[in-house]
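Chains as they are written, first to last, in our numbering: chain C, 1 to 320; chain W, 321 to 826.
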């Protein structure tokens, strides 16, 4: 256990920060610890958590994805057209929505792998186009989403938030896929060192395409869940998801340099971000002062992660 | 003669008009260790890259087991059973040792990687003598020697039919090299072919069954090991003899002033009560098995480590609290040439000129470069002295050969005219002529009064170049050897911390 914590130190620090923030949130919340409060908290966390998992896959292979938010928005809009009617139609609609997101991710991957475009530029351009599509499809928020499905996915099961169950299931599935399959290992390998992976016989192009496609899939999943929570399609929700997903993965110990981190970290980072902003909402601070304090708490959380530099015995390790 | 495993027929390859290989025929047979010799630029690396699928030939044919093949990627070559270990290590630093090895494997059942795969990885590591390396350790945290062992284990894990080792043992001590050679002999007995590239002649003598010599992109001659004596082999490679490799020793008088004095140096478990003296004009070697404290001593003196206790003085002046940024100042005058020139010694994408200027940055008036009028002339003089082979000073360092990159590292620090030069394995993976140039330069610098500390894994270098050698064992100085005591047997015995007689028998 201790060696596990030592190995996953940045993740352990993030989890500790999350626990502290969550306790503060519960103490400050007028309704205290209740199924209702925790369910709302988990739903908010799941929304950003799915987007952060999307960001994680691209960051893992040493990229950065500015189109995560736009894909969330586009799939939310698509879902607001398709997620209604019979149960067959619902399944078809969900599959179509996820396919749209996956295709968007695949296009990003193709631009980066075959077009040799730097990820930040490629996804800035594609993100802009995807937002545009969302706006064309639905210029103003609206549409209808099946309420029974929404109820089933956004409430709780015997007091446990459904969203939390879904996220935990996704995390378990993902960590098996990442740590115990060859595709998972090659994702880390490509992120750690592309030339070394190539020399090892890894199909680098294919692996990177897969990373971007999986990212698109999870962004679409986030978009679907937005539809469940809000019951409408809104083309303008993108921007906050893009930047927050990047902040979340960094908070959760995922290295922007690639090859390091886990989906669990991305989700923990998302929960930290969401808890901080909820904390502000109930803090009683004047609304105009809230962004400043939100940033302050965020900076403190990041500073915790940097504590490791004081334990370094060889100064060369600072640069590794 | 057995049917060759791999046969190359009239292969040519040129880079931007400059031929790297010209009309080469080459074959290697199963069950043999085939050494490929030649100085840098002779075409060895190009040959290996062709076989490993990294580059494709301009013309000519590659046959594997009688069938013509075209390799588009290293993966294609690996599928034919050709596995290559390059000098530039092919490990992923953030992954664990186990993952690094397993990821190289063939497609597992259901895409799942299981316990059995990791057990095999463990077995491969144990086989090459890396039993102390944990599967769950991150590769980025391992020493260079450990990484080379992991690299060899990774190659073994893939069960190669043709294993190509390009300077694969360059960071290993002779003890580990012997273990690795044992494994190579087993592989050979199982019918694998092994291509072996090394600049250490005694390693080639120890393992090779057949030797091919390349020069200027041409295959000069192939002969059975032992058919030529070492002098003839070197003659084929460069047209020079071994005596020319090491310059004559010119030790300073015994009462020369002390330059570097280290007393009671301690750092955790890794350095214990180390005492060491280097006089002006002396070349002092640091020997021993891998990671016995030699590297840490260098880092401690240069101010890289935290929490070091003890006394270090240079020209009688204490070096307390020195950092790399201060150590190089004119009044202190300490320079360190690091172990891994690709990551710690150079910034590969920057030009030769910019790399040279970097170390001199703090010396420039007001931090503005190019103001000191004599700097350009000094630069040219120094580069001429080093016989650096380069196109233009504005070319990126990455375009230079390994030997020339190392010369740039040396030049970078020599520009600061240090009083004491710390060198960590400066000739690792460098060809003989360049080695000879570097040795001569070090000897000349010492004659001019520079104190040189040389840490090396190459025994020949310690014996023939150094005036005195400190042999490290478990963080302590186990023995100090000089003059007639400085023999291979004494060095090996001291490295293993056993009396001389026992060492000689080992």
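Think of the CB as a built atom: it goes at the ideal place given N, C-alpha and C, for glycine as much as any other residue.
Chain-order list of chain C residues neighbouring residue 424/W: 200, 201, by C-beta distance under 8 Å.
When the five nearest sequence neighbours on each side are left out, the beta carbons in the same chain lying within less than 7 Å of the beta carbon of residue 713/W are those of 671, 672, 673, in order along the chain.
Cβ-Cβ separation between residue 232/C and residue 139/C: approximately 13 Å, too far for a contact (criterion under 8 Å).
Beta-bridge analysis with DSSP links residue 532/W to 356/W, 542/W.
The Cβ atoms of residue 241/C and residue 115/C lie no closer than 7 Å to each other.
By the neighbour-count criterion, in which a residue is buried when 16 or more other Cβ atoms sit within 10 angstroms of its Cβ, residue 584/W is exposed. Residue 290/C is not bridged by DSSP to any residue.
The Cβ-Cβ distance between residue 343/W and residue 334/W does not fall below 7 Å.
618/W is the residue among 578/W, 618/W, 576/W whose C-alpha sits nearest the C-alpha of residue 795/W. Considering only 678/W, 780/W, 658/W, 599/W, the residue with the shortest C-alpha distance to residue 766/W is 599/W.
Within chain W, the residues 412, 414, 415, 419, 423 have their CB atoms less than 9 Å from the CB of residue 188/C, given in chain order. Residue 398/W has a beta carbon lying within less than 7 Å of a beta carbon in chain C.
Runs of beta strand (DSSP E) with 3 or more residues, each lying fully within the stretch 336-407 of chain W, are found at 338-348, 353-357, 379-384, 387-389, 402-405, listed in chain order. Rounded to whole angstroms, the gap between the alpha carbons of residue 254/C and residue 453/W is 26 Å. In this structure residue 248/C is in contact with residue 266/C, their Cβ atoms being roughly 6 Å apart against a cut-off of 8 Å. With a threshold of 7 Å between beta carbons, residue 394/W makes contact with chain C.
Proximity of chain W to residue 220/C at the Cβ level (cut-off 7 Å) is not reached, the minimal Cβ distance being about 23 Å. Burial check for residue 261/C: the Cβ neighbour count within 10 Å reaches 16 or more, so the residue is buried. A direct Cα-Cα distance of roughly 58 Å separates residue 451/W from residue 234/C.
By the rule that beta-carbons nearer than 7 Å mark a contact, residue 193/C touches chain W. At least one beta carbon of chain C lies nearer than 7 Å to the beta carbon of residue 624/W. By the beta-carbon neighbour count (other beta carbons within 10 angstroms, threshold 16), residue 35/C is exposed.
A residue is called buried when at least 16 other Cβ atoms come within 10 angstroms of its Cβ; residue 388/W does not meet this threshold and is exposed. Here residue 819/W is exposed: its Cβ has fewer than 16 other Cβ atoms, across all protein chains shown, within 10 Å. Taking C-beta atoms as the reference points, residue 441/W and residue 421/W count as a pair closer than 7 Å. If you keep only unbroken beta strand (DSSP E) runs of at least 3 residues inside the stretch 553-616 of chain W, you get 578-587, 591-599, 603-608.
In chain order, 76, 79, 80, 83, 145, 233 place their CB closer than 7 Å to the CB of residue 227/C, counting only its own chain and leaving out the 5 sequence neighbours on each side. Nearest C-alpha to residue 513/W among 358/W, 401/W, 763/W: 401/W. The C-alpha of residue 348/W is placed about 22 Å away from the C-alpha of residue 554/W. Ranked by how close their Cα comes to the Cα of residue 134/C, the residues 155/C, 120/C, 100/C have 100/C in first place. Comparing C-alpha distances from residue 176/C to each of 432/W, 701/W, 449/W shows the shortest one belongs to 432/W. Using beta-carbon distances, residue 678/W does not count as an interface residue toward chain C, since no partner is under 7 Å. Separation of residue 763/W and residue 517/W (C-alpha to C-alpha, rounded to the nearest whole angstrom) is 28 Å.
Secondary structure of residue 786/W (DSSP, three-state): coil. Between the stretch 620-627 of chain W and the stretch 562-576 of chain W, the count of Cβ pairs shorter than 8 Å is below three; the stretches do not touch. Per DSSP, reduced to three states, the secondary structure at residue 521/W is helical.
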